[in-house]
Amino acid sequence: MNQWCFSRQALELHSPSRRYGISLSKDSQLCSQYCSYLRQLGSKLRLPHLTIVKATMFCHCFDARQSFAKNDWHTVATACIFLAGKVEDSLRFLKDVLNVAFGNEIQDHIVNQMVPSTINPLDMRERDEFCREKGRVFNDQKRKLIIAAERLVLKTMRFNLDVQLPYRTLVAALRRLSEEKITGFRLPEVTNVAWSLVEELLRTLLWLQ
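Sequential numbering from 3 applies to the sequence shown in the working numbering.
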């Protein structure tokens, strides 16, 4: 039995998010947010489409068994794309993932730390050393956070990362339709529509039903 197959009632009414006060509409909003974030992050990291989709599936699986009321979705999604890179043999070093995912946050942190400090802003050497140290400490904190989140994702998924994607089934179905030579059947048009529907489906928890 597929461990990632849930009833509509289980996902909409009895999920961990519902138990912790996240409404269905809010959960759908969070789902849309982490899906968009993963696409943007994956694109900046130049990851293959399949890796980005696999990271999205990991997030969906996590959402079905955990609650984003207790776990920051941004941290979990970042851990999922780091994990998916390993699974799909498209690994990106954690430091690169952190730089892309938290680059602006790191810069804001350094600026905020610099304001109350006693360094001389006109002393370039002192300022650079200060920025490097604060950046290193903040980066180390984020590194530990993502590693902890990755472990939580693995435990939540019971270390079973063999999440099936619908692409192979879709291709097989389209191949069968093309072989039947149906009058008026236009394979390119049907393929585009079918592919778009699958991509939209993968951005929702409907994939788990």
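Ideal placement from N, C-alpha and C gives every residue a C-beta, glycine not left out.
Residue i versus residue j: straight-line alpha-carbon distance, rounded
i      : j      : result
Ser198 : Ser34  : 16 Å
Ala174 : Ala57  : 24 Å
Leu15  : Leu210 : 14 Å
Val55  : Val139 : 32 Å
Tyr22  : Arg178 : 46 Å
Cys37  : Ser180 : 32 Å
Pro50  : Leu147 : 25 Å
Lys97  : Cys63  : 25 Å
Distance between beta carbons of residue j and residue i, contact taken as under 8 Å
i      : j      : result
Leu13  : Ala66  : 7 Å
Met159 : Phe60  : 7 Å
Thr53  : Ala151 : Not confirmed; about 17 Å, so no contact.
Pro18  : Ser69  : 4 Å
Ala196 : Leu172 : 6 Å
Which of helix, strand or coil DSSP assigns to residue i
i      : result
Gly23  : coil
Asp91  : coil
Gln166 : coil
Pro18  : helix
Trp209 : helix
Arg10  : helix
Nearest to residue i (by Cα), restricted to the options the options
i      : options                         : result
Arg41  : Leu207, Ala150 and Glu201       : Glu201
Glu107 : Tyr169, Cys82, Lys144 and Ala71 : Lys144
First through last residue of the alpha helix (DSSP H) which encompasses residue i
i     : result
Leu52 : His51 to Arg67
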